[in-house]
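J.: Pasting a structure below so you can have a look.
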Amino acid sequence: MSGSMAAQDAIEARVWDAYGSLVESSVGRVRSPEAAVKLLEGRYRLVVDKRVVTLVYAAFLNGRPVLFEGPPGTGKTEIGEALLELWAGRKPFILPCSEGYDEYKVIGDFHPQMAMKHGFNEESFVPRPLLAALILDTGVLVDEVRRSSEEFQNMLLDIIDKRRIVVPEIRRVFRARGTGFQLIMTSNPEDIAQNELSDAFLRRVVRVKFDYPPRHVEERIVRLRTEERPLLGAEVMEVIMRVVERLRTSNISHKPGTSESVAWARMAQSIASLKGRERVSLEDLAEAAEAVLVKRVDDEEVVREVLGEALNV
Numbered sequence: 001m002s003g004s005m006a007a008q009d010a011i012e013a014r015v016w017d018a019y020g021s022l023v024e025s026s027v028g029r030v031r032s033p034e035a036a037v038k039l040l041e042g043r044y045r046l047v048v049d050k051r052v053v054t055l056v057y058a059a060f061l062n063g064r065p066v067l068f069e070g071p072p073g074t075g076k077t078e079i080g081e082a083l084l085e086l087w088a089g090r091k092p093f094i095l096p097c098s099e100g101y102d103e104y105k106v107i108g109d110f111h112p113q114m115a116m117k118h119g120f121n122e123e124s125f126v127p128r129p130l131l132a133a134l135i136l137d138t139g140v141l142v143d144e145v146r147r148s149s150e151e152f153q154n155m156l157l158d159i160i161d162k163r164r165i166v167v168p169e170i171r172r173v174f175r176a177r178g179t180g181f182q183l184i185m186t187s188n189p190e191d192i193a194q195n196e197l198s199d200a201f202l203r204r205v206v207r208v209k210f211d212y213p214p215r216h217v218e219e220r221i222v223r224l225r226t227e228e229r230p231l232l233g234a235e236v237m238e239v240i241m242r243v244v245e246r247l248r249t250s251n252i253s254h255k256p257g258t259s260e261s262v263a264w265a266r267m268a269q270s271i272a273s274l275k276g277r278e279r280v281s282l283e284d285l286a287e288a289a290e291a292v293l294v295k296r297v298d299d300e301e302v303v304r305e306v307l308g309e310a311l312n313v
């Protein structure tokens with residue numbers, strides 16, 4: 001075996017040792033949108049339109065990254081993570097973006113002590129999640145991609161386009177060996193603490209729009225996530241739906257997503273359980289409301305007004 005191949009094999013072995021157990025999954029590769037929709041609901045307790053799954057799978061077959069775009073709390077991250085796992089048959093890596101993200105944090109860098117001993121070479125090189133995902137043939141979910149720099153975004157697109165990662169410091173090119181290595185990125189376009197996405201970026205991604213679901217779908221999601229006792233009756237569910245719908249059309253800065261609907265219901269369940277109840281009461285719901293729904297001090301008055309009308313408190 002050549003020195004080049006031995007070094008690459010050593011790095012790949014290091015990746016398997018460090019990350020292999022983290023991406024183990026009991027889910028095999030699922031390439032049928034119909035089967036994926038059923039698993040998303042049954043295993044992950046997610047209600048996902050077959051159209052979304054089909055678009056994502058079609059993008060993967062074409063080697064294109066996917067951008068989930070929509071307001072917070074609409075399931076972008078959870079759905080993206082689940083779809084990547086179903087596609088690859090392995091758990092994906094999650095990269096939570098920030099301005100400080102660069103290639104060294106996601107591809108690899110050098111261990112200081114090892115570099116002093118061995119030099120800046122493959123022995124001191126520490127692989128990071130993006131390179132690990134390519135080697136392990138699994139997916140990557142890039143959360144809040146607008147919070148990263150344009151250079152970082154372009155680097156991601158170049159890697160997925162060419163399905164390879166170049167590490168010039170150790171003179172290595174790592175290539176994807178399967179189709180499991182895919183990218184889903186999430187973005188909230190209304191978030192002001194972010195950068196714009198370039199035209200070049202938007203031309204190369206497949207965009208999937210997310211929004212608040214219709215009431216019957218949201219009720220179904222809440223039911224899936226609150227199947228255990230204490231039970232949620234129809235009256236309690238009606239109040240939850242009415243309040244979140246009103247708040248979404250209000251002028252508060254943090255509008256509740258489906259995740260807040262679920263969190264509110266589950267908090268009320270926990271309160272009811274602590275009181276020894278078999279069913280969640282409106283009193284339990286009211287007690288949990290502000291802790292879940294008020295995210296900023298400026299929103300308190302509006303949230304209390306809407307809760308007062310819905311709960312008669």
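The opening position of the sequence shown corresponds to residue 1 in UniProt numbering, with each subsequent residue numbered one higher. Glycine included, C-beta positions come from ideal geometry on N, C-alpha and C. Since the structure is predicted, the reported quantities are computational estimates derived from the model, not experimental observations.
In whole angstroms, what separates the C-alpha of I240 from that of Y44?
T.: Taking the first residue of the sequence shown as 1, we reach residue 240 at position 240. Taking the first residue of the sequence shown as 1, we reach residue 44 at position 44. Distance between the alpha carbons of I240 and Y44: 22 Å.
J.: Since I believe D211 is in contact with G70 (beta carbons under 8 Å), could you give me their beta-carbon distance rounded to a whole number of angstroms?
T.: Here residue 70 is taken as the residue at index 70 of the sequence shown, counted from 1. Here residue 211 is taken as the residue at index 211 of the sequence shown, counted from 1. Correct: roughly 6 Å between the Cβ atoms.
J.: Report back the beta-carbon spacing between Q153 and F201 to the nearest angstrom; my notes put them in contact at under 8 Å.
T.: Position 153 of the sequence shown, counting from 1, holds the residue named residue 153. Position 201 of the sequence shown, counting from 1, holds the residue named residue 201. Yes, Q153 and F201 are in contact; Cβ-Cβ is about 5 Å, under 8 Å.
J.: What does the alpha-carbon distance come out to for the pair I11 and I160?
T.: The residue labelled residue 11 in the question sits at position 11 within the sequence shown. The residue labelled residue 160 in the question sits at position 160 within the sequence shown. Computed Cα separation, rounded: 20 Å.
J.: Taking the alpha-carbon of A59 as reference, which of A133, I184, E41, A115 has the nearest alpha-carbon?
T.: Residue numbering aside, residue 59 sits at position 59 when the sequence shown is read from its first letter. When each option's Cα is compared against that of A59, the closest is I184.
J.: Based on DSSP bridge pairs, tell me the residues matched to T186.
T.: In the sequence shown, the residue the question calls residue 186 occupies position 186. DSSP output for T186 lists F68 as bridge partner(s).
J.: Kindly provide the ranges of any beta strand (DSSP E) runs that are 3 or more residues long and lie completely inside the segment 22 to 86, ordered along the chain.
T.: With a minimum length of 3 residues, the continuous beta strand (DSSP E) runs that stay inside the segment 22 to 86 are 66 to 69.
J.: Roughly how many angstroms lie between the CA atoms of S261 and E283, to the nearest whole one?
T.: The sequence position of residue 261 within the sequence shown is 261, counting from 1. The sequence position of residue 283 within the sequence shown is 283, counting from 1. If you take the alpha carbons of S261 and E283, they lie about 17 Å apart.
J.: Measure the alpha-carbon distance for G100 versus L197 and round it to whole angstroms.
T.: In the sequence shown, the residue the question calls residue 100 occupies position 100. In the sequence shown, the residue the question calls residue 197 occupies position 197. Going from the Cα of G100 to the Cα of L197 covers about 17 Å.
J.: Secondary structure at P230, three-state DSSP: helix, strand or coil?
T.: On the sequence shown, residue 230 is found 230 positions in, with the first residue counted as 1. Coil, per DSSP.
J.: Specify, as a first and last residue, the run of the beta strand (DSSP E) that L141 falls within.
T.: The residue you call residue 141 lines up with position 141 of the sequence shown. Counting along the chain, the beta strand (DSSP E) containing L141 begins and ends at 140 to 143.
J.: Cutting at 8 Å between CB atoms, please list the residues of its own chain near M1, excluding the five before and the five after it.
T.: Taking the first residue of the sequence shown as position 1, residue 1 is located at position 1. At M1, the pLDDT of 41 sits below 50, so the modelled position is not reliable; the number obtained from the coordinates is stated separately. Within the same chain, M1 has close Cβ partners D9.
J.: State the CB to CB distance for the pair V302 and I252, rounded to an integer number of angstroms; the pair is presumed to be in contact (CB under 8 Å).
T.: Here residue 302 corresponds to residue number 302 of the sequence shown, with the count starting at 1. Here residue 252 corresponds to residue number 252 of the sequence shown, with the count starting at 1. With a Cβ gap of about 5 Å, V302 and I252 count as contacting.
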